[in-house]
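See structure below.
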Amino acid sequence: MEKARKIMAASFSAQDTEVLVRVVKQTQRSGIKGSLGDWKTYVKTQVKGVGKNDPAHHSWKVLAAFVATLDQPEHQEVLKRLVNLHHQEQEQERASKRAKMDPSPEVYGQGGAWDLVRRTAAHANFKPLFDLPCSASGWVRTSRHPPVPGQQPILFGLDCEMCETAKDLRELAGFCLVNAAGRPVLQALVKPRGPVLDYRSFVTGMTDEDFQGVEFTRADAQRALLQLLQAEGRDVVLVGHALHHDLRALRLDHLPVIDTSLIFSYKGLPGATPSLADLYKAVIGRDLREGAVHDCMQDAAATMALVQHQLQQQEPTFVLDPPQIKVPSGDLRKLLVHSIPPGTTVADLQSLWTRGAADQGEPATASTSNPSSADEPCSFAVEGDLSSRKVLLVFKHPGEANDAFKRLAAKQQVDCLGRAQKDVTLQIGSSKGKIVKLRKMGAHNGMAYGQQRKPKKERKRKRAEAASNDAT
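Shown next as structure tokens:
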């Protein structure tokens, strides 16, 4: 029995936090005691620095250590039953979720809003983005009503405010839920968990003063949303833009959804994600905001307006022309460096223009064919914080920035907006051998949007077709 008990306890990991919490709570309800007493006694005598009795406030290692003290045969049987039941329920949840992510009409109905739900679910990025960890601790999941033939779902638009805390880069700070008409039905500030490092006031407009006296928690927000989303007696579709960020901030798993960042795209830029402001301008014909800070009520209403507009069109257009806007002239003298490894210094970035960086097995360029130019240092100022993993390199004028980019002897590619980009290897420092990405701020002629190059095989096929057409 001792060997079986140790094996059972040792089989747990961080992924089993939820089942461990469930087991310990069951011991509390049943009055079960281990060799070191009940859970309350165990916490008091064995756990240092944590005085709370709620199992959800303890690490999985503490919970597993308590479970290991349940050494009576009847306790082991209860433990096995609870673990097996939990795993069965998780598998049922995963199966249910897989079915809800199926974009077929049998799952989501037909016509109207259901067509937009299926368009969202059919996007290549839908499953990676919306396969949320609903079984993890702190998460809640809505139940779903089966679709009724001929019945359209209820629509709610959702958007959240977020800040940075010591625990989370995207900590929930507020949210708004609007109805199909774009009017708010639920809106609240949410007390962030842990010390706030950055309210991102330049985006959110929020300050510490706004949260004085706020006691509404994420758990309160979850309860309020669950009550609304499940009380209608029919399917509810959440509408948003990059909605997975909002659901993660809320720790709320809900399907079906309509995501305006997935149902719209740009011609020639299949990998680009249109911003909400650009979509609103292109589709609705008005500016979403002019110099104003982010407003979750306004953004939730804007996504709903986009969806309602599409539903009113006999032949809605989802593939749009990229906005014909230019990058501010002052930004053309900058290069963006991103995916910067932790610990990278300015000197490390300077190493990108050394002879070693110029010899990366790529076809010869101005720098590789002229070793002296490869070693010629680049003079730039750094705008931003290296710890954020992306900074701007600021040169004296656009020509100097273009020359520096050209001298980087890595293969030139384009990003999702059609801007020239290169992957370059750092040559010195703690990040030596690691790759950073550098890109220009604008596409051709300083435009904000360009075009993604088609794969080489596709370009060859097009040229062959053109030659064949010319021959005939």
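According to full-length UniProt numbering, the sequence shown is numbered sequentially starting from 1. Ideal Cβ positions, reconstructed from N, Cα and C, are used throughout, including at glycine.
Candidates the options: closest to residue i by CA position
i, options, result
"Leu36", "Ser59, Val67, Lys25, Lys52", "Val67"
"residue 486", "Gln26, Cys163, Arg81", "With the chain running from 1 to 472 in the structure shown, residue 486 is simply not present."
"Pro342", "Arg389, Ala277, Lys127", "Arg389"
"Arg170", "Met297, Cys160, Gly429, Ala301", "Cys160"
"Leu426", "His338, Lys396, His397", "His338"
"Gln312", "Leu116, Lys44, Thr45", "Leu116"
"Ala122", "Val257, Val62, Gln15, Val47", "Val257"
"Gly182", "Leu79, Gln308, His58", "Gln308"
"Phe395", "Val203, Gln350, Asn125", "Gln350"
"Leu247", "Pro192, Trp139, Gly150, Gln314", "Trp139"
"Met297", "Leu158, Ser137, Tyr42, Thr45", "Leu158"
Cβ pair residue i, residue j closer than 8 Å
i, j, result
"Thr260", "Leu306", "yes"
"Gln76", "Leu82", "no"
"Leu172", "Val185", "no"
"Ala64", "Val21", "no"
"Phe405", "Leu352", "no"
"Leu276", "Asp253", "no"
"Phe156", "Leu132", "no"
"Asp348", "Ile428", "yes"
"Gln152", "Ala113", "yes"
"Gly418", "Leu332", "no"
Range of the contiguous alpha helix (DSSP H) that encloses residue i
i, result
"Met441", "Segment: none, Met441 is in no alpha helix (DSSP H) and carries neither H nor E."
"Gly399", "398-407"
"Phe126", "126-130"
"Leu162", "A small correction: the amino acid at residue 162 is Met; Leu does not occupy that position in the sequence shown. Element bounds for Met162: not the alpha helix (DSSP H) but the beta strand (DSSP E), 154-165."
"Val62", "60-67"
"Thr41", "39-46"
"Lys327", "Sequence check: residue 327 is Val here, not Lys. Where Val327 is concerned, there is no enclosing alpha helix (DSSP H), given that its DSSP letter is neither H nor E."
"Asp348", "346-350"
"Ile263", "260-263"
"Gln110", "Note, Gln110: premise wrong, no alpha helix (DSSP H); not H, not E."
For residue j and residue i, the rounded distance between their alpha carbons
i, j, result
"Thr120", "Pro322", "20 Å"
"Val23", "Met206", "41 Å"
"Cys378", "His241", "40 Å"
"Lys267", "His244", "24 Å"
"Glu18", "Leu335", "45 Å"
"Pro316", "Ala272", "20 Å"
"Ala265", "Leu279", "The question names Ala, yet the displayed sequence has Ser at residue 265. In a straight line, the C-alpha of Ser265 is about 9 Å away from that of Leu279."
"Val444", "Val414", "Correcting the residue type first, residue 444 is His in the shown sequence and not Val. Each residue's alpha carbon lies about 11 Å from the other."
"Gln324", "Ala282", "11 Å"
"Phe380", "Tyr449", "25 Å"
"Ala420", "Val382", "20 Å"
"Pro328", "Thr142", "45 Å"
"Lys440", "Asp235", "45 Å"
"Lys29", "Asp38", "Checking the displayed sequence, the identity of residue 29 turns out to be Arg instead of Lys. Their backbone Cα atoms lie some 11 Å apart in a straight line."
"Thr27", "Arg223", "26 Å"
"Ala364", "Lys411", "The predicted position of Ala364 is uncertain, since its pLDDT is 32 and thus under 50; no value can be drawn from it."
"Ala188", "Ser135", "26 Å"
"Leu228", "Arg286", "31 Å"
"Thr303", "Val239", "7 Å"
"Gly111", "Ile154", "14 Å"
"Ala166", "Arg200", "14 Å"
"Ala14", "Lys40", "22 Å"
"Gly174", "Glu215", "12 Å"
"Ile32", "Asp385", "53 Å"
"Ala4", "Leu129", "Confidence at Ala4 is low in this model, with a pLDDT of 42, below 50, so the placement of that residue should be treated as unreliable; the coordinate-derived value is given next. Spanning the two alpha carbons is a distance of roughly 40 Å."
"Asp220", "Gln230", "16 Å"
"Val43", "Val78", "21 Å"
Min CB distance residue i to chain D below 8 Å
i, result
"Arg223", "The question asks about chain D, but that chain is absent: this structure has only one protein chain."
Span of the beta strand (DSSP E), counted from its first residue to its last, around residue i
i, result
"Ile32", "Here Ile32 belongs to no beta strand (DSSP E), and DSSP marks it neither H nor E."
"His338", "334-338"
"Leu177", "171-178"
**Item:** Secondary structure, alpha helix (DSSP H): runs of 4+ residues fully inside the segment 210-240
**Value:** For the segment 210-240, the continuous alpha helix (DSSP H) assignments of 4+ residues that do not extend past its boundaries occur at 218-230, in sequence order.
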